[in-house]
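Residue numbers (this note's numbering): 4 to 330.
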């Protein structure tokens, strides 16, 4: 359990909720006092258990919702926005999030409809539509419930280089298109969301751009790691697992792991696996059906990454992509 971390006149109060969440053992958010303003960075899960833990943590730190002046969101995923509407129902305060987060946080109908169309096309072209029924059921349910899920408050968009108080906004897409770091250079603190998790890989989840085209998420994630590496850092406040200080070592490990994943994908293609599902099953076996979204996302992402680096090529045949190694 981490207590408050203090440097100069600034304090971070960690809220580390212990839970098995995929491969992760916690969901984290942080209260950041820069000397004049108290900011909630990320908002955890919208579950009774998390809300209760959040309120207990505030009391332990002798704080209350009335003390929170603003909210920063590192990205739009559900495990980062859970208590936001609950806070806004008690106190109207500004929310700061990346420009690309806003349609996602608002659960805008056009965005959600585009998302369904995009994944239908992608899963067809990569030959895995037959395993995607559960995902489309959840996406359609989200579309139906969008009004009750929407973040309703005053969301102010931020982009690369913007400053809010002492924090600079650093765009770090890859895990999601809207991922950002809030970086307080004066103390070397990175509020990094899910970009950097200690001893765990972050999924570079496939997603779409403004033209509904597949984003190069693995390349984006690699570039974002390099960007984070250049920041002078004393603490990384991560969205899951421990907050940590061995910033450089952690990024180097992740970059090495990325190269190993690319090599495994290329070796599978060399062995005669030429379509996405065959490659996925060769690498992950029965886990593909159980962890469909994450594994297919990784395989598609690394296939496209290897193509961008001139190591593989693809061709369309009967509506499906086939892959082969370039000599």
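We put the beta carbon where it would ideally sit given N, CA and C, even for glycine. Model, not experiment: these values are computed from the prediction.
Classification of residue i by the beta-carbon crowding that lies within 10 angstroms, buried from 16 upward
i           : result
residue 329 : exposed
residue 120 : exposed
residue 176 : buried
residue 313 : exposed
residue 103 : buried
residue 264 : buried
residue 129 : buried
residue 164 : exposed
residue 197 : buried
Opening and closing residue of the beta strand (DSSP E) in which residue i lies
i           : result
residue 174 : 170-174
residue 294 : Neither: residue 294 is in no beta strand (DSSP E) and is coded neither H nor E.
residue 234 : Taken as a continuous stretch (DSSP letters only), residue 234 belongs to no beta strand (DSSP E), as it is neither H nor E.
residue 317 : 315-320
Residue(s) in a DSSP beta bridge with residue i
i           : result
residue 203 : 200
residue 122 : Its beta-bridge partners do not exist; DSSP assigns none.
residue 101 : 161
residue 27  : 24
Proximal residues to residue i (C-beta, below 8 angstroms), its chain only, five neighbours per side dropped
i           : result
residue 90  : 43, 46, 68, 71, 74 and 96
residue 257 : 199, 204, 205 and 228
residue 26  : 203
residue 8   : 14, 15, 17, 238 and 246
residue 285 : 271, 274 and 276
Contacts around residue i, its chain only, beta-carbon distance under 7 angstroms, and the 5 residues preceding and following it disregarded
i           : result
residue 179 : 78, 79, 80, 208 and 210
residue 317 : 310, 324, 325 and 326
residue 134 : 292 and 295
residue 253 : 199, 201 and 247
residue 149 : 110, 112 and 115
residue 305 : 221, 264, 265 and 268
Rounded distance between the beta-carbons of residue j and residue i, thought under 8 angstroms
i           : j           : result
residue 234 : residue 193 : 6 angstroms
residue 88  : residue 243 : Their Cβ separation, rounded to whole angstroms, is 22 angstroms, which puts residue 88 and residue 243 out of contact at 8 angstroms.
residue 168 : residue 50  : About 30 angstroms; that fails the 8 angstroms criterion.
residue 161 : residue 101 : 6 angstroms
residue 172 : residue 183 : 5 angstroms
residue 22  : residue 5   : Contact flag wrong, Cβ pair sits at about 16 angstroms.
residue 76  : residue 34  : Actually they are not in contact, since the Cβ atoms of residue 76 and residue 34 sit about 14 angstroms apart, beyond 8 angstroms.
Sequence-distant residues of the same chain with beta carbon closer than 6 angstroms to residue i, five excluded per side
i           : result
residue 114 : 106
residue 212 : 218
residue 300 : 208 and 209
residue 303 : 129 and 209
Range of the contiguous alpha helix (DSSP H) that encloses residue i
i           : result
residue 87  : 87-93
residue 213 : Run containing residue 213: none; DSSP gives neither H nor E here.
residue 43  : Note, residue 43: premise wrong, no alpha helix (DSSP H); beta strand (DSSP E) at 41-44.
residue 287 : 279-287
residue 274 : Taken as a continuous stretch (DSSP letters only), residue 274 belongs to no alpha helix (DSSP H), as it is neither H nor E.
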